[in-house]
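Contents: one structure, followed by commentary.
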Amino acid sequence: MRPYKESPVATTQLPPGIAFIIGNEAAERFSYYGMRSVLVVFMTQYLMNASGQLDVMSEQEAQGYFHLFVSAVYITPVLGALLADGVWGKYRTIIYLSMVYCLGHFVLALDDTRMGLLLGQSLIALGAGGIKPCVSAHVGDQFGRSNQFLLSKVFSGFYLAINLGAFISMLAIPWVLEHYGAKLAFFIPGILMLLATVIFWSGRYRFVHIPPAGKVFLSDVFSKTGIKVLGKLSVIYIFIAVFWALFDQTGSSWVLQAQKMDRELWGFEILPSQIQAANPLLIIMLVPLFSYFLYPQLNKWFNLTALRKIAIGLFVTTLAFTIPSWIQMQIDAGLTPHIGWQLFAYLLLTSAEVMVS
Numbered sequence: 000m001r002p003y004k005e006s007p008v009a010t011t012q013l014p015p016g017i018a019f020i021i022g023n024e025a026a027e028r029f030s031y032y033g034m035r036s037v038l039v040v041f042m043t044q045y046l047m048n049a050s051g052q053l054d055v056m057s058e059q060e061a062q063g064y065f066h067l068f069v070s071a072v073y074i075t076p077v078l079g080a081l082l083a084d085g086v087w088g089k090y091r092t093i094i095y096l097s098m099v100y101c102l103g104h105f106v107l108a109l110d111d112t113r114m115g116l117l118l119g120q121s122l123i124a125l126g127a128g129g130i131k132p133c134v135s136a137h138v139g140d141q142f143g144r145s146n147q148f149l150l151s152k153v154f155s156g157f158y159l160a161i162n163l164g165a166f167i168s169m170l171a172i173p174w175v176l177e178h179y180g181a182k183l184a185f186f187i188p189g190i191l192m193l194l195a196t197v198i199f200w201s202g203r204y205r206f207v208h209i210p211p212a213g214k215v216f217l218s219d220v221f222s223k224t225g226i227k228v229l230g231k232l233s234v235i236y237i238f239i240a241v242f243w244a245l246f247d248q249t250g251s252s253w254v255l256q257a258q259k260m261d262r263e264l265w266g267f268e269i270l271p272s273q274i275q276a277a278n279p280l281l282i283i284m285l286v287p288l289f290s291y292f293l294y295p296q297l298n299k300w301f302n303l304t305a306l307r308k309i310a311i312g313l314f315v316t317t318l319a320f321t322i323p324s325w326i327q328m329q330i331d332a333g334l335t336p337h338i339g340w341q342l343f344a345y346l347l348l349t350s351a352e353v354m355v356s
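Numbering (numbering that gives the first Met the number 0), first residue to last: 0 to 356.
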């Protein structure tokens with residue numbers, strides 16, 4: 000068996016494993032966002048009981064379940080980080096939890112009952128959340144001092160891969176659900192996650208594998224200095240958590256609201272779940288606009304620190320959520336507002352995301 004590299008090679012070129020990491024990320028994000036985009040529609044229209052009869056959830060129940068799942072995806076990264084830095088290392092953590100992730104997708108595809116939903120989503124939450132803190136850190140591990148100047152370019156490609164995967168899946172998987180049913184709509188993300196795992200495994204001899212620190216990692220984290228650093232970071236993370244708690248309503252209440260709107264756009268009727276594709280598309284468009292135009296202009300007026308960007312982003316988030324509130328008042332009054340209003344809300348919310356992230 001060939002030995003794994005444990006330190007970066009001195010070079011001014013891109014590390015040889017980067018293409019495998021970016022390919023893995025694009026396929027994994029396709030699988031996650033494709034599944035997530037149709038989750039509420041599945042629970043309210045396609046969920047079955049053990050006898051093969053419809054056993055759907057109410058809108059309120061589906062929203063609650065959706066946000067419970069998303070919360071689990073945000074909690075399990077703590078476990079993933081502990082396993083990666085303390086026990087398995089990043090590569091093995093990603094591989095092992097990716098297998099769990101694949102299993103979750105295939106459980107959803109094979110069992111459309113509440114039990115299948117619970118088991119499948121639990122496995123996906125463990126897999127998707129568990130690998131979340133590892134992949135971007137694994138990118139950084141591939142670089143040494145001589146090629147660190149390429150990191151920003153690589154992370155730009157990494158971010159582009161995430162959003163391209165999300166955009167394509169959020170258009171495609173709702174269409175598959177509408178025309179071919181839930182089994183295929185969940186099976187395709189499973190295949191993409193399996194592909195992501197194979198791509199990542201294929202790069203194993205090209206990666207730098209930083210060994211886990213073991214008990215030293217835990218002692219560092221829970222030392223006085225470590226706890227002090229975590230305390231300072233937690234102040235920022237509280238505000239970021241508020242943003243994402245609001246943002247994730249786009250996968251639940253905004254989808255349900257879109258079902259009651261006029262969704263014809265340029266002669267085509269958009270499916271309610273497909274509206275979510277506006278977010279990754281807008282990110283691809285807005286990130287360079289903000290980086291090369293908006294931020295330099297704002298810096299002429301005041302020092303645009305990271306905290307100030309977060310504050311502006313949270314203010315824009317508040318503005319964004321006035322729009323679905325107004326839309327809902329129109330729906331409650333018996334009207335059918337156009338989906339363009341929700342797309343405008345996406346523009347504001349995505350602008351906020353770019354500033355908060």
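Beta carbons are placed, not taken as given, at the ideal position from N, Cα and C, and that holds for glycine.
Excluding sequence positions up to five before and after residue 176, its CB lies within less than 6 Å of the CB of 37, 184, all in the same chain and listed in chain order. Under the three-pair Cβ rule at 8 Å, the stretch 142-162 counts as touching the stretch 14-26.
By the C-beta criterion, the stretch 138-150 is judged to be in contact with the stretch 6-15, since at least 3 inter-stretch pairs fall below 8 Å. Per DSSP, residue 258 lies in no alpha helix (DSSP H) and is assigned neither H nor E. The three-state reading of DSSP puts residue 337 in strand, counting E and B together.
Per DSSP, the beta-bridge partners of residue 112 are 47. DSSP places residue 74 in the uninterrupted alpha helix (DSSP H) bounded by 58-74.
By the criterion of a C-beta distance shorter than 8 Å, residue 353 is surrounded in its chain by 282, 285, 286, 289, 312, once the five residues flanking it on both sides are discounted.
The Cβ atoms of residue 64 and residue 127 lie no closer than 9 Å to each other. When the Cα atoms are used, residue 256 and residue 315 turn out to be separated by approximately 21 Å. Looking at the DSSP output, residue 267 shares a beta bridge with 264.
In the three-state reduction of the DSSP assignment, residue 303 falls in the coil class, being assigned neither a helical nor a strand state. Residue 215 and residue 85 have their alpha carbons spaced roughly 8 Å apart.
In this chain, the alpha helix (DSSP H) harbouring residue 158 covers 150-179.
With fewer than 16 neighbouring CB atoms inside 10 Å of its own CB, residue 300 falls in the exposed class. Straight across, the Cα-Cα distance linking residue 134 with residue 235 is about 22 Å. Taking all protein chains shown into account, residue 74 has fewer than 16 neighbouring C-beta atoms within 10 Å of its C-beta and is therefore exposed.
A straight line joining the alpha-carbon of residue 187 with that of residue 103 spans about 13 Å. Around the Cβ of residue 253, a 10 Å sphere holds 16 or more other Cβ atoms; the residue is buried. 56 is the residue among 162, 324, 56, 76 whose C-alpha sits nearest the C-alpha of residue 111. In this structure the stretch 37-48 touches the stretch 164-181; the number of beta carbon pairs closer than 8 Å is three or more. Of all alpha-carbon atoms in 80, 67, 60, 98, the one lying nearest the alpha-carbon of residue 217 is that of 80. Of the residues 62, 329, 269, the one whose Cα lies closest to the Cα of residue 174 is 269.
For the pair residue 202 and residue 196, the Cα-to-Cα distance works out to about 10 Å. With a threshold of 16 other beta carbon atoms within 10 Å, residue 116 meets it and is buried. Assignment of residue 13 by DSSP, reduced to helix, strand and coil, places it in the coil class. By the criterion of a C-beta distance shorter than 6 Å, residue 348 is surrounded in its chain by 319, once the five residues flanking it on both sides are discounted.
Going by DSSP, residue 219 is part of the alpha helix (DSSP H) stretching over 214-220. In this structure residue 307 is exposed. Its beta-carbon is surrounded by fewer than 16 other beta-carbon atoms within 10 angstroms.
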